[in-house]
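Everything on this sheet refers to the single structure shown next.
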Amino acid sequence: MEDFVSESDSEYTSYWRDWFISSRGNEYFCEIDEDYLTDRFNLTGINADVTYYQYALDLVTDVFDLDCDDDMRETIEKSARHLYGLVHARYIVTTRGLTKMLEKYKKAEFGKCPRVNCHSHPLLPMGLSDVHSVKPVKLFCARCEDMYNPKSSRHATIDGAYFGTSFHNIIFQVYPALVPAKSIERYAPLVYGFKVHAAAALERWQNAKRDEMRRRLRRLEMDTGFQGDDEDDHDDDDDDDADDQEDDRPRVETEGQGQLRQHQQQQQQQQHHLEMDAMVDITAGNHASRPGAFAPQ
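Position one of the sequence shown corresponds to residue 1 (the numbering used here), numbered consecutively onward.
Below, the structure written as structure tokens:
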């Protein structure tokens with residue numbers, strides 16, 4: 001507001017868009033063509049979100065001539081900035097707007113990716129919501145396909161709705177040659193110069209999940225079913241009494257284990273019956289072969 005107060009009314013109202021674009025913190029914005037601003041169709045629905053909409057539009061289009069006090073002028077000025085931002089989100093997805101933003105993108109005016117493996121690839125502004133006052137602007141890197149916060153606090157407070165959620169995707173659809181080749185470089189963690197084996201991290205994760213499952217089954221007094229569980233139980237016990245208590249603890253069989261045990265018992269009973277029948281046949285045969293044994297006529 002210091003620039004606003006220091007300039008005369010004629011200078012301010014004649015060059016409002018130039019003043020806005022050149023102000024510190026507004027480097028992300030491009031200049032909207034006057035023809036686009038004066039076309040009412042392009043502003044459809046925006047009047048509901050802007051206080052003193054007509055005064056703000058007059059200020060942006062350099063036709064503002066209302067004589068008002070400083071408080072009123074400041075309110076209109078805030079509305080004009082908000083109006084410009086909302087129109088800006090629509091303008092930058094037009095052919096002319098994409099061209100202007102492309103020029104700024106090639107000059108890396110939006111910043112460069114802080115990721116080392118992206119090699120200072122230029123960034124694009126993007127919004128996380130198309131509704132104003134929800135999320136601030138973020139910066140998108142097309143190389144690593146990630147987003148970052150602006151470095152400057154002035155840029156970090158810009159409303160993300162002033163750029164929208166579609167601009168950074170549309171510009172690469174219109175200019176596919178801008179899509180960079182995806183980097184295959186990945187940071188490999190080292191320990192004293194040796195790479196950390198990828199399977200080691202996976203094995204640690206699997207072991208942690210396995211131990212967690214065993215602890216849950218033990219709390220439910222269920223058989224864990226893990227191989228070597230008896231040895232681990234023995235190592236975890238503090239004394240022989242604890243081992244005895246562990247052995248005496250009733251086990252709850254699963255449905256599959258119960259069916260297997262029942263099948264084994266049936267097989268044992270059938271085997272026992274076969275052995276008894278064989279013993280009877282052998283005894284009868286021996287008795288018939290003895291001299292003087294009774295033989296039916």
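All residues carry an ideal CB built from backbone N, CA and C; glycine is no exception.
| query | result |
| --- | --- |
| Simplified DSSP state of methionine 191, which is helix, strand or coil | For the record, residue 191 in the displayed sequence is valine; it is not methionine. If DSSP states are grouped into helix, strand and coil, valine 191 belongs with the strands. |
| Beta carbon proximity, alanine 177 to chain D, threshold 7 angstroms | Protein chain content of the structure displayed is limited to a single chain, and chain D is not contained in it. |
| Helix, strand or coil at tyrosine 105 [DSSP, three-state] | helix |
| For lysine 209, the first and last residue of its enclosing beta strand (DSSP E) | Where lysine 209 is concerned, there is no enclosing beta strand (DSSP E), although the alpha helix (DSSP H) it sits in stretches over 198 to 219. |
| 8 angstroms contact criterion, which aspartate 130 and threonine 95 should meet: CB distance rounded | 21 angstroms between Cβ atoms; not a contact. |
| Three-state secondary structure (DSSP) of proline 122 | strand |
| Straight-line Cα distance separating glycine 160 from alanine 80 | 17 angstroms |
| Other residues of its chain near glycine 154: CB distance less than 8 angstroms, five sequence neighbours each side excluded | Per the sequence shown, residue 154 should be read as arginine rather than glycine. Correct list, in chain order: Arg24, Gly25. |
| Lysine 138 - containing alpha helix (DSSP H), residue span | No alpha helix (DSSP H) contains lysine 138, which is instead part of the beta strand (DSSP E) from 138 to 141. |
| Tyrosine 175, DSSP secondary structure in three states | coil |
| Delimiting residues of the alpha helix (DSSP H) encompassing tyrosine 84 | 70 to 91 |
| Endpoints, alpha helix (DSSP H) assigned at tyrosine 36 | 34 to 38 |
| C-alpha gap between isoleucine 171 and proline 136, whole angstroms | 20 angstroms |
| Separation of histidine 168 from tyrosine 187, as counted between CA atoms | 27 angstroms |
| Euclidean distance between Cα positions of aspartate 146 and phenylalanine 29 | 21 angstroms |
| Residue nearest to threonine 157 in terms of C-alpha spacing, selected from Tyr55, Gly85, Leu43 | Gly85 |
| Residues near lysine 138 by beta carbon distance below 6 angstroms, same chain, minus five either side | Met126, Met147 |
| Buried or exposed (CB count within 10 angstroms, at least 16 for buried), cysteine 118 | buried |
| Extent of the continuous beta strand (DSSP E) to which tyrosine 148 belongs | 146 to 148 |
| Residue of Val93, Met101, Tyr52 minimising C-alpha distance to glutamate 77 | Tyr52 |
| Leucine 123 versus Ser133, Val116, Lys112, residue with shortest Cα-Cα distance | Lys112 |
| Residues that DSSP places opposite aspartate 159 in a beta bridge | Pro136 |
| Cβ separation of isoleucine 92 and phenylalanine 163, assumed to be a contact under 8 angstroms, to the nearest whole Å | 7 angstroms |
| Per-residue burial, cysteine 68 [other beta carbons within 10 Å of its own, 16 or more giving buried] | exposed |
| DSSP three-state assignment for lysine 100, whether helix, strand or coil | helix |
| Tyrosine 175 classed as buried or exposed, judged by whether at least 16 other C-beta atoms fall within 10 angstroms | exposed |
| Secondary structure of tryptophan 19, DSSP reduced to three states | helix |
| C-alpha distance - proline 180 paired with asparagine 149, whole-angstrom precision | 21 angstroms |
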